[in-house]
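Q: Each residue of the sequence shown is one higher than the one before, starting from 294 at the first, in this note's numbering.
In this text, a Cβ means the ideal position worked out from N, Cα and C, and glycines have one as well.
Since the model is a prediction, treat every value here as computed from it, not as a measurement.
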Amino acid sequence: MTITRDTNRHDRQVRAFGEDGQCRLGSTTAAVVGAGGIGSLLVQGLAHLGIGRLLVVDPDRVEPTNLNRLVGATAADAQDGATKAEVAARAVGHIDPDIPVHAVQDSILDTDVWLSLRCADLLFGAVDGHAPRWALNALAVQYARPYIDTGAEITASPTGPLDVSGHVATVMPGGPCLLCLSGYNPAVASMELDPVLTTAKRSVGYLRDAPDEPTPSVIFLNQVIAGIALGDALNLLTGWHPPRPYTLIDLAGPGLTPIDADRQPDCPACGPDSPRSEGDA
Numbered sequence: 294m295t296i297t298r299d300t301n302r303h304d305r306q307v308r309a310f311g312e313d314g315q316c317r318l319g320s321t322t323a324a325v326v327g328a329g330g331i332g333s334l335l336v337q338g339l340a341h342l343g344i345g346r347l348l349v350v351d352p353d354r355v356e357p358t359n360l361n362r363l364v365g366a367t368a369a370d371a372q373d374g375a376t377k378a379e380v381a382a383r384a385v386g387h388i389d390p391d392i393p394v395h396a397v398q399d400s401i402l403d404t405d406v407w408l409s410l411r412c413a414d415l416l417f418g419a420v421d422g423h424a425p426r427w428a429l430n431a432l433a434v435q436y437a438r439p440y441i442d443t444g445a446e447i448t449a450s451p452t453g454p455l456d457v458s459g460h461v462a463t464v465m466p467g468g469p470c471l472l473c474l475s476g477y478n479p480a481v482a483s484m485e486l487d488p489v490l491t492t493a494k495r496s497v498g499y500l501r502d503a504p505d506e507p508t509p510s511v512i513f514l515n516q517v518i519a520g521i522a523l524g525d526a527l528n529l530l531t532g533w534h535p536p537r538p539y540t541l542i543d544l545a546g547p548g549l550t551p552i553d554a555d556r557q558p559d560c561p562a563c564g565p566d567s568p569r570s571e572g573d574a
């Protein structure tokens with residue numbers, strides 16, 4: 294479905310990418326999974342660009358510590374415990390009320406939610422865990438959907454320099470999947486899917502990480518990552534130039550490093566024994 298809008302709204306974009314490119318944007322349904330720091334920026338950017346329809350998936354609620362980076366969230370949202378998906382949908386309405394947006398206040402790991410995203414033409418991931426990335430990658434591979442994965446990491450050391458980095462990975466039908474790009478660890482994803490096993494292993498000292506410890510997060514790094522991801526989306530939809538499989542962002546080092554990658558012929562996620570492009574068959 295193409296949404297008819299005020300032609301003046303996107304005049305400056307049309308001058309860059311043409312009427313056909315804007316039409317493709319306006320006829321695209323995008324799903325953003327994760328509406329936190331990066332995801333809220335992706336939703337905001339897609340609304341400004343004139344995406345046709347938006348699905349926003351996130352089960353979490355706004356907390357006071359989110360307010361330094363969660364676009365569109367207010368102190369009242371944190372006090373009331375508004376869901377991040379609701380806040381993102383509200384932001385879309387403020388930017389362009391003609392864009393249909395559906396807020397899904399549940400996890401991508403829920404089977405019904407996963408299946409509901411089959412209607413999306415383009416998938417964005419802005420999630421923290423390995424299991425959600427596994428689920429998004431499986432959806433992209435099985436239903437031949439482009440999938441743009443994003444992530445940020447800030448490592449603070451009391452004795453060393455601050456590491457401020459992130460990535461944007463673009464999974465295309467027929468190309469390397471997120472597992473080929475080492476975008477998630479299947480073993481960790483399995484443990485995340487089995488919280489009982491994870492708790493048992495941690496109780497006997499097998500796992501020594503601190504998954505509930507808050508990690509550093511700042512809006513300026515999220516803005517860089519979201520901007521690159523939105524640019525790759527424009528690459529896909531307007532034919533601007535071919536998207537990069539992987540872009541490494543290092544704000545304390547070389548800046549942006551594009552990385553080429555190939556499909557792994559024996560990849561369990563997208564190889565010959567996988568349900569690649571099979572859809573519901």
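#1: Could you check if V497 is buried or exposed, using at least 16 other CB atoms within 10 Å of its CB as the buried criterion?
#2: How many angstroms separate the CA atom of N430 from the CA atom of C470?
#3: Quick check on the burial criterion: 16 or more other C-beta atoms within 10 angstroms. Buried or exposed for T452?
#4: With a cut-off of 8 Å, do at least 3 Cβ pairs link the region 529-539 to the region 347-355?
#5: In whole angstroms, what separates the C-alpha of T404 from that of I441?
#6: Once the 5 residues before and after W407 are set aside, which same chain residues still bring their CB inside 7 Å of it?
#7: Quick check on A554: does DSSP put it in helix, strand or coil?
#8: According to DSSP, simplified to helix, strand and coil, what is I441?
#9: Using C-beta distances below 6 Å, list every residue in its chain close to G572, excluding the 5 sequence neighbours before and after it, in chain order.
#10: Taking DSSP's pairing of strands, which residues face Y539 in a bridge?
#11: Below 7 Å between beta carbons: does that hold for V434 and R569?
#12: For D411, count neighbouring C-beta atoms within 10 Å of its own C-beta (all shown protein chains included) and say buried if the count is 16 or more, exposed if not.
A: This is what the structure gives:
#1: Its pLDDT being 49, under 50, V497 is placed unreliably by the model, and the measurement read from it follows with that caveat. With fewer than 16 other Cβ atoms within 10 Å, it is exposed.
#2: 7 Å
#3: exposed
#4: no
#5: 21 Å
#6: I401, A428 and L432
#7: coil
#8: strand
#9: Y436
#10: A462 and I552
#11: yes
#12: The sequence shown places Arg at residue 411, not Asp. Burial call: exposed.
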